[in-house]
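Just below is one structure, and these are the notes that go with it.
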Amino acid sequence: MKKAGTSLAVIATLIAMGAVVGCGSGGTNNAAGTAGNAANTTAPSTGSQTGVLNVGLQADPSTLDPALSSALVDRQVMANIYDTLFALTPDGKIVPDLVKTYEVSSDGKTYTFHLQTGVKFQDGTTFDAAAVKFNLQRDMAKTSARASELNMIQSVDTPDSNTVVLHLKAPYSPLLGVLTDRAGMMVSPAAVKKYGDDYANHPVGTGPYIFESRVKGDHITVKANPNYWKGAPKIQQVTFKAFSDPNVELTNLENGAIQLSDQVPAQSLSSLQQNANFVVSNTPGLGYQGVYLNTSEAPFNNQYLREAVDAAIDRQTITNVVFKGEASPAWGPFSPKSPVYDAKQDTPPAPNGDEVKKFLKEAGDPNGFTFTLQTANSPVTAEVAQIMQSMLAKYNITMKIQQLEFGTLLSNNTNHAFQASALGWSGRIDPDQNTYQFWHTDGPQNGSNFSDPTVDKLLDEARQVGDMSKRKAIYSQFMDEMHKQDPYIFIYFQNNTYAYSKNLQGFQAYPDGVFRIADMSI
Numbered sequence: 001m002k003k004a005g006t007s008l009a010v011i012a013t014l015i016a017m018g019a020v021v022g023c024g025s026g027g028t029n030n031a032a033g034t035a036g037n038a039a040n041t042t043a044p045s046t047g048s049q050t051g052v053l054n055v056g057l058q059a060d061p062s063t064l065d066p067a068l069s070s071a072l073v074d075r076q077v078m079a080n081i082y083d084t085l086f087a088l089t090p091d092g093k094i095v096p097d098l099v100k101t102y103e104v105s106s107d108g109k110t111y112t113f114h115l116q117t118g119v120k121f122q123d124g125t126t127f128d129a130a131a132v133k134f135n136l137q138r139d140m141a142k143t144s145a146r147a148s149e150l151n152m153i154q155s156v157d158t159p160d161s162n163t164v165v166l167h168l169k170a171p172y173s174p175l176l177g178v179l180t181d182r183a184g185m186m187v188s189p190a191a192v193k194k195y196g197d198d199y200a201n202h203p204v205g206t207g208p209y210i211f212e213s214r215v216k217g218d219h220i221t222v223k224a225n226p227n228y229w230k231g232a233p234k235i236q237q238v239t240f241k242a243f244s245d246p247n248v249e250l251t252n253l254e255n256g257a258i259q260l261s262d263q264v265p266a267q268s269l270s271s272l273q274q275n276a277n278f279v280v281s282n283t284p285g286l287g288y289q290g291v292y293l294n295t296s297e298a299p300f301n302n303q304y305l306r307e308a309v310d311a312a313i314d315r316q317t318i319t320n321v322v323f324k325g326e327a328s329p330a331w332g333p334f335s336p337k338s339p340v341y342d343a344k345q346d347t348p349p350a351p352n353g354d355e356v357k358k359f360l361k362e363a364g365d366p367n368g369f370t371f372t373l374q375t376a377n378s379p380v381t382a383e384v385a386q387i388m389q390s391m392l393a394k395y396n397i398t399m400k401i402q403q404l405e406f407g408t409l410l411s412n413n414t415n416h417a418f419q420a421s422a423l424g425w426s427g428r429i430d431p432d433q434n435t436y437q438f439w440h441t442d443g444p445q446n447g448s449n450f451s452d453p454t455v456d457k458l459l460d461e462a463r464q465v466g467d468m469s470k471r472k473a474i475y476s477q478f479m480d481e482m483h484k485q486d487p488y489i490f491i492y493f494q495n496n497t498y499a500y501s502k503n504l505q506g507f508q509a510y511p512d513g514v515f516r517i518a519d520m521s522i
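Its first residue numbered 1, the sequence shown is counted upward by one per residue in the working numbering.
Below, the structure is given as structure tokens:
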């Protein structure tokens, strides 16, 4: 969610200040903007002939520690520093990565991993079973954002240096999907012990790129790992630059200051697709965007007020006006790419004024109420917020808008320091990863502070069922409860929309929306 375009005068000012080749801060996951610049018909210059790739990110990553991360932009960098135990293919299949082969017991409670051999961390230390155990136990700690993803693990054994055995409390069907993501990213135990609380500023993995430097709010630079176990990457240096304004990021792409952009302003999508100097990748994603409602404080500790907001929002209008082919309306966390997508439950109904009035009356506020929405300080988020503000105003629901830097928005959400918070999720291949940590009691990303025994029971049950069709039936019951209680207002499913220079080869779109730069060349 970001506000509509930047004027030519503002762009000129930014250029004069050096902002176009620099960067801003803040942003949102996979939000795209509007009102772009005319496509550049001059072939862009690139630093690519020297083996340098500059990548635009829509926000400054909050951390480079997988145990603490909660943002897509973090993963865009970390996926190139760290390898994972398992990996995703472009078509969404889960395959072994740092794990070479594995077995699962007949009762689904024991996983045996046989590791790749000869792999080194970037600090020269050995990747082995002890390192895997260290990482899993670190991610299982209560202070880790990964705790709920791994809480079904009862113990970890290492019978030899290349074998890891996981003993589970009960069958846990999302496990391999979880290990393709941050919980599966292997950090160097030696680096964690050396740097302690400052580890995030000195990240060390086994991946294709080695962390080199960072200027907070501006850029992160990584260099090729010459000893990478899969073979040294072709691009020698990658700099990730942060932009809070998609129009500024687009200008940087057009003038060659970056060669890969993680957002395309919706108004510029068509013109950029017609520009022979660039390639646009626009594919449906697994993520969703919407608004957390703080159920532990007024006014949204009143369920009827939550339902009133839900019934007043016209998702189709928002996607038509703001996104123009880069998103679709949502009414749940399961996009059409999800294996448990249900068109009936996940397609939002039209706004219903009579229901809004009924809910306001039942809440004891027939004349409306006031609340504040916290949102990122970016054009698209502001535009979506303003459209919602107008929709709610029809029913005397006054929504104030507070724009914040992205890191502050994340922190406030974690600490429940908000009434309403506009944040989404970039999506994962397993439905558990799109639900459990957000709406299970005490989930690490349960920003709404929501707790319901029926929801907890259903989410716990879905984790222990292996058959996806049976899991889909359980998630259908879960969505019935979510639609009754509305701790989160689902707004839209975002596409994974990226643009890059025609000189960049090997780009592939992955369902999780993350760049794998080791596969690319210039």
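Glycine is no exception: its CB is placed at the ideal position from the N, C-alpha and C atoms.
Just so it is clear, the structure is predicted and the values come from calculations on it, not from any experiment.
Can you tell me which of the options puts its alpha carbon nearest to the alpha carbon of residue i?
i: E297; options: H416, D91, T283, G443; result: H416
i: K133; options: Y395, G184, S501, D74; result: G184
i: I81; options: I522, I517, S521; result: I517
i: P379; options: D519, V248, V356; result: V248
i: D197; options: A131, A330, I491, R138; result: R138
i: S144; options: T414, M479, Y228, M468; result: T414
i: Y488; options: N377, T295, G108; result: T295
i: P96; options: L179, E149, N151; result: L179
i: D314; options: Q259, N277, V384, Q263; result: V384
i: L260; options: F240, K109, G443, I94; result: F240
i: R463; options: D83, T126, N151, F121; result: N151
i: P208; options: Y195, K223, K194; result: K223
i: P171; options: G108, V309, F406, D83; result: G108
i: M468; options: N225, D342, Q154; result: D342
With DSSP as the reference, label residue i as helix, strand or coil.
i: Q505; result: strand
i: T46; result: Caution applies to T46, whose pLDDT of 39 falls short of 50 and renders its modelled position unreliable; the value that the coordinates give is listed next. In the structure shown, T46 sits in coil (DSSP, three-state: anything other than H, G, I, E or B).
i: I489; result: strand
i: M528; result: Past the boundaries of the shown model lies residue 528; the chain is included only from 1 to 522, so the question cannot be answered.
i: P203; result: coil
i: F515; result: coil
i: P329; result: strand
i: V104; result: strand
i: N37; result: Per-residue confidence for N37 stands at a pLDDT of 29, beneath the threshold of 50, marking its modelled position as unreliable; the derived number appears in the next sentence. If DSSP states are grouped into helix, strand and coil, N37 belongs with coil.
i: A9; result: Confidence at A9 is low in this model, with a pLDDT of 34, below 50, so its placement is unreliable and the value that follows should be read with caution. Looking at A9 - three-state DSSP - the assignment turns out to be helix.
i: S261; result: strand
i: R471; result: helix
i: L423; result: coil
i: Y172; result: coil
With residue i as the anchor, note down where its beta strand (DSSP E) starts and where it stops.
i: Y195; result: Note, Y195: premise wrong, no beta strand (DSSP E); alpha helix (DSSP H) at 189-195.
i: S281; result: 278-284
i: N54; result: 52-57
i: Y292; result: 289-293
i: S270; result: It is not in any beta strand (DSSP E) - S270 instead sits in the alpha helix (DSSP H) that spans 269-273.
i: V238; result: 237-242
Counting along the chain, where does the alpha helix (DSSP H) carrying residue i start and finish?
i: A462; result: 453-463
i: Q374; result: That residue, Q374, is in no alpha helix (DSSP H); its beta strand (DSSP E) goes 370-376.
i: K133; result: 129-140
i: D346; result: 343-346
i: Y436; result: 436-439
i: P246; result: 246-254
i: T317; result: 315-318
i: Y304; result: 303-312
i: Q76; result: 72-81
i: L360; result: 353-363
Excluding the 5 residues preceding and the 5 following residue i in the sequence, name in chain order all residues of the same chain whose CB lies nearer than 6 Å to its CB.
i: V465; result: R471
i: T41; result: Its pLDDT being 31, under 50, T41 is placed unreliably in this model, and the value from its coordinates should be taken loosely. Result list for T41: empty, nothing under 6 Å.
i: V104; result: Y111
i: Y304; result: F359, E362, A363
i: N29; result: Only weak support exists for where N29 lies, its pLDDT of 35 falling under 50; the coordinates are left without a value.
Using DSSP bridges, identify the partner residues of residue i.
i: Q403; result: T375
i: D160; result: T163
i: M527; result: Not covered by the structure: residue 527. The range shown for the chain is 1 to 522.
i: V99; result: L115
i: H416; result: Answer by DSSP bridge pairing: none, since H416 is not bridged.
Ignore the nearest five residues each way along the sequence and tell me which others in residue i's own chain have a CB closer than 8 Å to its CB.
i: A130; result: T158, S161, P189
i: D523; result: No information on residue 523 is available, as it lies outside the stretch 1 to 522 that the chain covers here.
i: N446; result: Q437, F438, W439, H440
i: T347; result: P329, W331
Taking 7 Å as the limit between beta carbons, can you name the residues of its chain near residue i, skipping five residues before and five after?
i: P90; result: Q508, A509, Y510
i: G443; result: S148, Y436, Q437
i: Q176; result: The sequence given here has Leu at residue 176, not Gln. If we look at L176 and ignore the five residues flanking it on each side, its Cβ neighbours are F86, I94.
i: N396; result: N367, G368
i: P453; result: none
i: N54; result: G47, T239, K241, A257, I258, Q259
Is any heavy atom in the ligand GTP found nearer than 7 Å to the beta carbon of residue i?
i: M186; result: Absent from the structure shown: the ligand GTP. Ligands present: none.
Is residue i close to chain C? Criterion is C-beta to C-beta, closer than 8 Å.
i: I489; result: The chain labelled as chain C is not found in the depicted structure, where only one protein chain is given.
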